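Numbering (the working numbering), first residue to last: 165 to 445.
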């Protein structure tokens with residue numbers, strides 16, 4: 165598992181009254197060619213991902229993007245609004261380095277087809293790495309620099325990763341990053357052996373009243389027989405918090421949804437997606 169955050173910034177008060185956006189974050193365990201070679205697993209992934217307007221997919225291990233392209237093609241077939249560059253979807257791939265020397269391919273946020281098409285609300289603008297200090301000097305905040313994606317709403321996606329044993333410092337670092345109206349979501353590794361109860365009082369992302377945690381500690385975001393709230397959604401900023409559809413932040417338990425056995429659920433992923441719906445205020 166990897167700790168990762170995504171942040172979406174937006175002036176939702178300027179959006180149309182009918183605007184709503186369903187956002188999901190899904191850590192698909194070892195997502196690559198081997199997983200997508202199983203058509204049954206692929207079908208379930210497509211059914212899960214296609215439910216969202218904007219999706220963060222984590223733990224992508226696909227150096228040549230062949231599995232990503234296959235997923236895109238399958239999503240095209242399942243959608244009345246096909247993906248196209250500069251249109252309803254932007255696909256970005258980033259190589260993550262970091263202090264631990266590890267290099268992995270990660271898939272930052274996917275802008276999935278909207279129904280009806282609303283490219284004017286979520287058009288791609290820019291992307292860059294968040295510079296957090298001098299890595300050789302050891303004074304940088306993140307063990308792997310977040311990757312920032314800007315959309316025209318504007319929405320901003322920030323995705324990053326850190327080894328599980330860095331979960332506590334990484335969450336604390338998230339509170340020090342500049343922020344306005346921000347939605348943080350993804351696999352935080354924020355439970356069980358990765359983050360102990362005595363750590364919480366020292367994490368400003370949790371103790372500050374500015375941050376609203378939408379997925380509770382009692383949630384289970386893991387498939388199989390474990391019970392851990394690793395995947396979270398955190399909102400900050402008055403306008404963004406007002407734009408959250410009440411009751412929409414939840415865990416998408418696909419094991420129950422599709423009546424799967426533990427074994428079959430784990431074949432898809434060891435994590436369930438977390439999701440929330442934003443609306444204009």
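Just so it is clear, CB atoms sit at the ideal spot from N, CA and C, and this is done for glycine as well.
Just so we're clear, the structure is a prediction, and the values are computed from it rather than from any experiment.
(message) Quick check: the stretch 346-358 against the stretch 396-415, are at least 3 beta-carbon pairs closer than 8 angstroms?
(response) yes
(request) Determine the burial state of residue 439: buried for a count of at least 16 other Cβ atoms within 10 Å of its Cβ, exposed for fewer. (result) buried
(message) If distances are taken between C-alpha atoms only, which option among 295, 218, 297 comes closest to residue 189?
(response) 218
(request) Compare the C-alpha of residue 392 against each of 434, 413, 371 and name the closest. (result) 434
(request) Look at the Cβ atom of residue 234, then the Cβ atom of residue 185, and state whether they are nearer than 8 angstroms. (result) no
(request) Look at the alpha carbon of residue 303 and the alpha carbon of residue 352, and state the distance between them as a whole number of angstroms. (result) Near 22 angstroms, if we compare the C-alpha coordinates of residue 352 and residue 303.
(request) Take residue 430 as the anchor and find which of 388, 366, 405 has the nearest alpha-carbon. (result) Ranked by how close their Cα comes to the Cα of residue 430, the residues 388, 366, 405 have 388 in first place.
(request) Please report how far the alpha carbon of residue 423 lies from the alpha carbon of residue 208, in whole angstroms. (result) 12 angstroms
(request) Pick helix, strand or coil for residue 436, following the three-state DSSP scheme. (result) Coil.
(message) As an exercise, report each continuous beta strand (DSSP E) stretch of at least 3 residues that is fully enclosed by the stretch 372-412, in chain order.
(response) 375-377, 395-400
(message) Can you tell me whether residue 207 is helix, strand or coil according to DSSP?
(response) helix
(request) List the whole-angstrom C-beta distance separating residue 220 from residue 407, where the pair is believed to meet the contact cut-off of C-beta under 8 angstroms. (result) Rounded, the Cβ-Cβ distance is 18 angstroms, inconsistent with contact.
(request) Go ahead and pull the three-state DSSP assignment for residue 428. (result) helix
(request) Can you have a look at residue 383 and say buried or exposed, based on whether 16 or more other CB atoms are within 10 angstroms of its CB? (result) buried
(message) Quick check on the burial criterion: 16 or more other C-beta atoms within 10 angstroms. Buried or exposed for residue 442?
(response) buried
(request) For the beta strand (DSSP E) holding residue 351, just list the boundary residues, first then last. (result) According to the DSSP assignment, residue 351 belongs to the beta strand (DSSP E) that extends over 346-351.
(message) Could you compute how far the alpha carbon of residue 464 sits from the alpha carbon of residue 296?
(response) Nothing can be reported for residue 464, as the shown portion of the chain is limited to 165 through 445.
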